[in-house]
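K.L.:
For what it's worth, our numbering labels the leading residue of the sequence shown as 184, then goes sequentially.
Quick reminder that beta carbons are idealized off the backbone N, C-alpha and C, glycines included.
Attaching a single structure in structure tokens format; questions to follow.
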Amino acid sequence: IFVAHDSADVWAHRGSFLLAEDGMPKVVTGVPPDYFSEDGQRWGNPHYDWEAMEKDDFRWWKARLKAQFQWFDIVRIDHFRGLEAVWQIPVESETAINGEWVKVPGEKLLKSIQDELGKLPLVAEDLGIITPEVDKMRKQFGLPGMSILQFAFDQFEDNPHKPANIGPDRVVYTGTHDNDTTLGWFRSLDDSMKQWVRHDMGADDEKEVVDTMIQTAMNTKGVMAIVPMQDFLGLGSEARMNVPGTIDGNWRWAFSWEQVSSDLPKKIHRWVDDSGRLSSPEGEK
């Protein structure tokens, strides 16, 4: 949900961000230490001046969304939990350890957006540790959350990523841009986990694992199923889109039409049709 300090948004709307007189951030954003990172993550983005934004009825946010919807049918709100509270870090701190949670008027923001722009096709990225307050706000505004099938394989029956737990208020992915491809992910597992996945998916080999993961996503009750092109093509880690926390080599992958076999469109059509997700042609009932 944040923007870079050297972005056009910060340059043109300085009053909407917590900046010092010299234009540098007073504080920066990130996430606190957790099991995966003892220092947390210091993203370095300037934090919004929510008091100023609330005074002008969130004009910048509305303009931002209007611009987005000129280009996209659906917009995902990354780090949705940051609309309830933000991990705010002193600008001089080199890590996220010394940050603190600061409440933000996300409920007022979303209400103002819906009042003016109507109910928009937004998806709330609610991965990771989500508090009851964040989940309540998401449901209050009717925003679907996210479920990732690559996260489904553990011993916890209430895991929200397990296919049986994915309801109509979720968008289901085989994996997102931050995940490895499904084939790359499967190949990275140890032998016992590979056996677990093959058993759960009813798959004999890695190609069947990929195809079955795609079909499983489509067959859930999720309001939408999203499959990266890399998974449709059955590609491995060499086609990974992004590795979080790195800056080199990301967002470079692109497919070529030579990779698309003549039977792939038919196979995708069959999967979509079998799952009941095939839309009727316009005008046909």
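Note down the Cα distance separating D361 from D222, rounded to an integer number of angstroms.
P.N.:
20 Å
K.L.:
My assumption, with CB atoms under 8 Å, is that F324 sits in contact with Q297. Please give the rounded CB distance.
P.N.:
Separation of the CB atoms of F324 and Q297 is rounded to 7 Å, and the pair is thereby assigned contact status at 8 Å.
K.L.:
Is the beta carbon of V211 closer than 8 Å to that of H196?
P.N.:
In this structure, the beta-carbon distance from H196 to V211 does not fall below 8 Å.
K.L.:
Check each candidate in V186, G432, D446 and R460 and name the one with the smallest Cα separation from Q398.
P.N.:
Answer by Cα proximity: R460.
K.L.:
To the nearest angstrom, how far is it from the Cα of A437 to the Cα of K238?
P.N.:
43 Å
K.L.:
Using DSSP with H/G/I as helix, E/B as strand and the rest coil, what is N281?
P.N.:
coil
K.L.:
Below 8 Å between beta carbons: does that hold for I280 and P216?
P.N.:
Yes; because the gap between Cβ atoms is below 8 Å, this pair is in contact.
K.L.:
Can you tell me which of D205, V214, W194 and K319 puts its alpha carbon nearest to the alpha carbon of W243?
P.N.:
W194
K.L.:
Does DSSP classify R435 as helix, strand or coil?
P.N.:
coil
K.L.:
Within 10 angstroms of its Cβ, does V354 collect 16 or more other Cβ (buried), or is it exposed?
P.N.:
buried
K.L.:
Give the secondary structure of M384 by DSSP, where H, G and I count as helix, E and B as strand, and everything else as coil.
P.N.:
helix
K.L.:
Could you give the DSSP three-state label for S371: helix, strand or coil?
P.N.:
The three-state reading of DSSP puts S371 in helix, counting H, G and I together.
K.L.:
Using three-state DSSP, classify W454 as helix, strand or coil.
P.N.:
helix
K.L.:
Do you know how far the Cα of D387 is from the Cα of A347?
P.N.:
Approximately 22 Å between the Cα atoms of the pair.
K.L.:
Would you list the one or two residues that DSSP bridges to I331?
P.N.:
Y356
K.L.:
Using the Cβ count rule (16 or more neighbours within 10 Å means buried), how would you classify F241?
P.N.:
The residue is buried, with at least 16 neighbouring Cβ atoms inside 10 Å.
K.L.:
Compare the Cα-Cα distances from E275 to each of W226, I312, L266 and L310 and report the closest residue.
P.N.:
W226
K.L.:
Buried or exposed for H344, please, with buried defined as at least 16 other CB atoms from any protein chain shown within 10 angstroms of its CB.
P.N.:
buried
K.L.:
Within 10 Å of its beta-carbon, does P327 have 16 or more other beta-carbons around it, so buried, or fewer, so exposed?
P.N.:
buried
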